[in-house]
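Data block below; observations after.
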Amino acid sequence: DIVMTQSPDSLAVSLGERATVNCKSSQSVLYSSNNKNYLAWYQQKPGQAPKLLISWASTRESGVPDRFSGSGSATDFTLTISSLQAEDVALYYCQQYYATPTTFGQGTRLEI
Amino acid sequence: EVQLVESGGGLVQPGRSLRLSCSPSGFTFGDYAVGWFRQAPGKGLEWLGFIRSKTYGGAPEYAASVKDRFTISRDDSKSIAFLQMNSLKSEDTAIYYCTRVSSVATDLYDYWGQGTLVTVSS
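For the protein sequence lines, the chains are D and S, in the order given. First residue of the first sequence: 45, per the working numbering; consecutive thereafter. First residue of the second sequence: 4, per the working numbering; consecutive thereafter.
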C-alpha cells in the first residue's frame with residue numbers, strides 16, 4: 045500500500061497569515077500516460093464529514109475559495125491557505141487515488 | 004444538491020451483525036460508484052471499500068482489513084446502497100460514512116454523507 049505522510053501534525057497560524065501543509069507519498073502518484081497526479085486534499089471541520097477541496101493535486105473543487113491552493117508532483121505535495129480565515133479551522137487530509145487501496149495521510153490539525 | 008444519508012448505526016454487541024444503509028439524492032444513483040469509509044474516535048479516515056456502478060460491472064472492492072466480514076451491495080431500483088457488517092468487534096466502533104465516487108476517477112470521493120455512529124460494546 046502507498047503510505048501518505050503529512051507534516052506537521054498540527055499547525056497554529058494567525059488570522060490572515062499563510063498556512064502550509066505538506067504531504068509525502070511513499071511512491072509516485074504521477075500517472076505518466078496522462079501526466080496527472082492522483083492526489084486529493086480534504087477538509088474536515090469539527091463534527092462534520094470530510095469535504096473534497098482539491099483533486100489532481102491542484103484543481104480546486106467548485107465553490108472552494110481561491111485562498112486554497114495545491115501544488116507538487118510525484119511524491120511531494122503542498123496545500124496552501126494564502127490568508128487564513130476563522131472558518132478554516134479543521135483537519136486536513138491528503139489522499140492518493142493512484143492505486144487501490146486508496147490511502148490517506150494521518151491528518152494535519154489547523155488552528156488559529 | 005447532492006446528498007447522501009446514512010442510517011442503521013447504533014449500539015451492537017460484539018459478534019453480532021449490523022447493516023448500514025446509504026440513501027442518496029440529487030444525482031442519478033445508478034451512474035455512480037459508492038464508497039464506504041469509517042473514522043474511529045479521534046482517528047483518521049479508513050477506506051472500507053466501494054461498489055462500482057452497473058455500467059462497470061457492479062463489482063465491489065474491499066480493504067483487506069474488512070474483506071472477510073463486510074459486504075457492500077446496492078439496489079439501483081431503490082437508489083440505495085448497503086454495508087453489511089458481520090462478526091463485529093470493539094475495534095469496529097466508528098463513524099461510518101457513505102460517499103459518492105467521482106465520475107472522473109476511481110477512488111476520488113466527491114460527496115460524503117454526514118455519517119452514522121456504530122458502537123460495538125457489550
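Every residue, glycine too, gets a C-beta built ideally from N, C-alpha and C.
Just tell me which of the options has its CA closest to the CA of residue i.
i: D/Val73; options: D/Glu105, D/Tyr82, D/Arg104; result: D/Tyr82
i: D/Lys80; options: S/Ala108, S/Val121, S/Gly116; result: S/Ala108
i: S/Asp78; options: S/Val15, S/Asp34, S/Arg72; result: S/Asp34
i: D/Pro90; options: D/Asp132, D/Pro145, D/Glu61; result: D/Asp132
i: D/Asn78; options: D/Phe148, D/Gly149, D/Tyr142; result: D/Tyr142
i: S/Tyr112; options: D/Pro52, D/Phe112, D/Ile98, D/Asn66; result: D/Ile98
i: S/Ala67; options: S/Glu49, S/Asp110, S/Lys81; result: S/Glu49
i: S/Gln42; options: S/Glu94, S/Tyr114, S/Ser105; result: S/Glu94
i: S/Pro27; options: S/Arg72, S/Gly12, S/Phe73, S/Phe85; result: S/Phe85
i: D/Ala159; options: D/Gly116, D/Asp45, D/Asp53, D/Ser51; result: As shown, chain D starts at 45 and ends at 156. That puts residue 159 of chain D outside it, with no answer to give.
In whole angstroms, what separates the C-alpha of residue i from that of residue j?
i: D/Glu105; j: S/Ser125; result: 43 Å
i: S/Tyr65; j: D/Leu128; result: 37 Å
i: S/Gly116; j: D/Gln88; result: 12 Å
i: S/Leu120; j: S/Tyr99; result: 6 Å
i: S/Phe40; j: D/Asp110; result: 28 Å
i: S/Leu51; j: D/Leu96; result: 18 Å
i: S/Cys101; j: S/Gly29; result: 15 Å
i: S/Glu9; j: D/Thr144; result: 24 Å
i: D/Gln92; j: S/Tyr59; result: 31 Å
i: S/Arg19; j: S/Ser56; result: 29 Å
i: S/Ile75; j: S/Asn89; result: 12 Å
i: S/Ala97; j: S/Thr122; result: 7 Å
i: S/Arg22; j: D/Glu61; result: 45 Å
i: D/Leu17; j: S/Ser80; result: Any question about residue 17 of chain D goes unanswered here, given that chain D covers just 45 to 156.
i: D/Ala134; j: D/Lys68; result: 20 Å
i: D/Gly149; j: S/Ser82; result: 32 Å
i: D/Tyr137; j: D/Ala118; result: 17 Å
i: D/Ala63; j: D/Val57; result: 6 Å
i: S/Gln16; j: D/Leu59; result: 46 Å
i: D/Asp120; j: S/Gln6; result: 33 Å
i: S/Val69; j: S/Pro44; result: 18 Å
At a Cβ threshold of 8 Å, is residue i touching chain A?
i: D/Ala93; result: Chain labels in this structure do not include chain A; the protein chains are D and S.
Can you tell me which residues form a DSSP beta bridge with residue i?
i: D/Ser25; result: In this structure chain D extends from 45 to 156, so residue 25 of chain D is not present and cannot be described.
i: D/Thr103; result: D/Ser99
i: S/Gly13; result: S/Val121
i: D/Ile125; result: D/Ala63, D/Phe112
i: S/Glu49; result: S/Arg41
i: D/Thr147; result: D/Gln140
i: D/Glu131; result: For D/Glu131, which the question treats as bridged, DSSP gives no partner whatsoever.
i: S/Val104; result: S/Tyr112
i: S/Thr31; result: Answer is none; S/Thr31 lacks a bridge partner.
i: S/Val8; result: S/Ser26
i: D/Arg153; result: D/Ser54, D/Leu135
Compile a chain-ordered list of the residues in the stretch 61 to 90 of chain S whose CB is closer than 8 Å to at least one CB of chain D.
Flagged, chain order: Glu64, Ala66, Ala67.
Which runs of the beta strand (DSSP E), 3 residues or longer, sit entirely within the stretch 48 to 97 of chain D?
Within the stretch 48 to 97 of chain D, complete beta strand (DSSP E) segments of at least 3 residues are found at 48 to 51, 54 to 56, 63 to 69, 83 to 88, given in chain order.
Can you list, in chain order, the residues of the stretch 89 to 109 of chain S whose Cβ is nearer than 8 Å to any Cβ on chain D?
Here the close residues are Tyr100, Ser105, Val107, Ala108, Thr109.
Report the start-end ranges of each alpha helix (DSSP H) in the stretch 52 to 102 of chain S that is 4 residues or longer and not cut off at the edges.
You should have found no qualifying run.
Any C-beta of chain S within less than 9 Å: which residues of the stretch 52 to 84 of chain D qualify?
Cβ contacts with chain S come from Lys80, Tyr82, Ala84.
Residues of the stretch 9 to 40 of chain S whose Cβ lies closer than 7 Å to any Cβ of chain D, in chain order:
Within the stretch 9 to 40 of chain S, no residue qualifies.
Given a limit of 9 Å on CB to CB distance, which residues of the stretch 92 to 121 of chain D reach chain S?
Against chain S - using a Cβ distance shorter than 9 Å - the residues of the stretch 92 to 121 of chain D are Gln92, Ala93, Pro94, Lys95, Leu96, Ser99, Trp100, Glu105.
Please list, in chain order, the residues of the stretch 132 to 148 of chain D that have any C-beta partner in chain S closer than 9 Å.
Result list: Leu135, Tyr137, Gln139, Gln140, Tyr141, Tyr142, Ala143, Thr144, Pro145, Thr146, Thr147, Phe148.
Mind checking the stretch 40 to 55 of chain S against chain D and listing, in chain order, the residues whose C-beta falls within less than 7 Å of any C-beta there?
Within the stretch 40 to 55 of chain S, contact with chain D at the beta-carbon level (separation under 7 Å) is assigned to Gly47, Leu48, Trp50.
Check distances from the C-beta atoms of the stretch 113 to 125 of chain S to those of chain D and list, in chain order, the residues that come in under 7 Å.
Across the stretch 113 to 125 of chain S, CB contacts with chain D closer than 7 Å involve Asp113, Trp115, Gly116, Gln117, Gly118, in sequence order along the chain.
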